[in-house]
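Chemist: Residue numbers (the working numbering): 80 to 264.
Heads up, the beta-carbon is just placed ideally off N, CA and C, and yes, glycines get one too.
Since the model is a prediction, treat every value here as computed from it, not as a measurement.
Below: one structure in structure tokens.
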């Protein structure tokens, strides 16, 4: 009802909700290199990105949610190929907590004017100054990065939850993380 829909018109690029006749548990099952959901939600200048996932593989950059335009303005959340969490925005990237293949994890990232924060599994792993995203041309993709209109950095695993706020929610981080962790176990 709020027009914040994620879609994928190409059947071969849709994440699975059913596998071998059984409902997939633990989230939507994304298979790299093609599965991605696209949105028209353009990253706001101030954003809080939250993702719950479980990757099947390690050693590759996999972004739960992300957008980047041709001038390198960006907003994304996920894992780098070094198996650490990452938050990207116009100031660059923040990295931190370790992510292991086959393990559920919760990421919480904020970028705003003079603030960048990244939390992995309830622990703040990086908190520094920076600048807001200011991505005005590309909508977020879920399960990858909308890289100036072409998707890449695909997830190979499950994404259980993605939340995007158009504001800095760092003051509510602990309560939000506790609520999400309580729901997903």
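Quick one: is residue 169 buried, meaning 16 or more other Cβ sit within 10 Å of its Cβ, or exposed?
Modeler: For the purposes of this step, residue 169 is taken as the residue at position 90 of the chain shown. Classification of residue 169: buried, given that the 10 Å Cβ count is 16 or more.
Chemist: Taking 6 Å as the limit between beta carbons, can you name the residues of its chain near residue 83, skipping five residues before and five after?
Modeler: Along the chain shown, one-based indexing puts residue 83 at 4. Residues of the same chain with a CB within less than 6 Å of the CB of residue 83, apart from the 5 flanking positions on each side, are 120 in chain order.
Chemist: What is the C-beta distance between residue 142 and residue 232, in whole angstroms, given that I count them as a contact (C-beta under 8 Å)?
Modeler: Looking up residue 142 in the chain shown gives position 63. Looking up residue 232 in the chain shown gives position 153. 4 Å between Cβ atoms; contact.
Chemist: Cα separation between residue 174 and residue 94?
Modeler: Stepping through the chain shown from its first residue, residue 174 is reached at position 95. Stepping through the chain shown from its first residue, residue 94 is reached at position 15. Cα to Cα, the separation comes out at about 27 Å.
Chemist: At which residues does the beta strand (DSSP E) containing residue 88 begin and terminate?
Modeler: By 1-based counting over the chain shown, the position of residue 88 is 9. From DSSP, residue 88 is part of no beta strand (DSSP E); its letter is neither H nor E.
Chemist: Tell me whether residue 257 is buried or exposed, calling it buried when 16 or more other Cβ atoms sit within 10 Å of its Cβ.
Modeler: On the chain shown, residue 257 is found 178 positions in, with the first residue counted as 1. It counts as exposed.
Chemist: Candidates 179, 101 and 226: which alpha carbon is nearest residue 122's?
Modeler: Numbered from 1 along the chain shown, position 43 holds the residue referred to as residue 122. Ranking the options by Cα distance to residue 122, first place goes to 226.
Chemist: Give the C-beta separation of residue 269 and residue 134 to the nearest angstrom, bearing in mind that I take them to be a contact with Cβ-Cβ under 8 Å.
Modeler: In the structure as shown, the chain begins at 80 and stops at 264. Residue 269 is therefore absent and cannot be evaluated.
Chemist: Please report the distance separating the alpha-carbon of residue 111 from that of residue 89.
Modeler: Counted from its first residue, the chain shown places residue 111 at position 32. Counted from its first residue, the chain shown places residue 89 at position 10. Going by the C-alpha atoms only, they are around 14 Å apart.
Chemist: What three-state label does DSSP hand residue 150 in the structure shown?
Modeler: As a first step, residue 150 must be located in the chain shown, where it is residue number 71. In the structure shown, residue 150 sits in coil (DSSP, three-state: anything other than H, G, I, E or B).
Chemist: At which residue ranges does the region 119–165 contain complete alpha helix (DSSP H) runs of 4 or more residues, listed in the order of the chain?
Modeler: none
Chemist: Going along the chain, which residues of its own chain have a beta-carbon closer than 6 Å to the beta-carbon of residue 137, five neighbours each way excluded?
Modeler: As a first step, residue 137 must be located in the chain shown, where it is residue number 58. 162 and 180, listed in sequence order.
Chemist: Which of the three DSSP states, helix, strand or coil, is assigned to residue 256?
Modeler: Start at 1 with the first residue of the chain shown, and residue 256 comes out as number 177. The answer is helix: DSSP assigns residue 256 an H, G or I state.
Chemist: Quick check on residue 92: does DSSP put it in helix, strand or coil?
Modeler: As a working note, residue 92 is residue 13 in the chain shown. Looking at residue 92 - three-state DSSP - the assignment turns out to be helix.
Chemist: Between which two residues does the beta strand (DSSP E) containing residue 184 stretch?
Modeler: Position 105 of the chain shown holds residue 184. Counting along the chain, the beta strand (DSSP E) containing residue 184 begins and ends at 184–191.
Chemist: Do three or more CB pairs link the region 229–248 to the region 97–107 at distances below 8 Å?
Modeler: yes
Chemist: Taking residue 244 as part of the beta strand (DSSP E), name the residues at either end of that continuous run.
Modeler: In the chain shown, counting from the first residue as 1, residue 244 sits at position 165. Run containing residue 244: 236–244, per the beta strand (DSSP E) assignment.
Chemist: Name the residue from 183, 176 and 187 whose alpha carbon lies nearest to the alpha carbon of residue 155.
Modeler: Along the chain shown, one-based indexing puts residue 155 at 76. When each option's Cα is compared against that of residue 155, the closest is 187.
Chemist: So which of 159, 127 and 164 has the shortest CA-CA distance to residue 204?
Modeler: Numbered from its first residue, the chain shown carries residue 204 at position 125. Ranking the options by Cα distance to residue 204, first place goes to 164.
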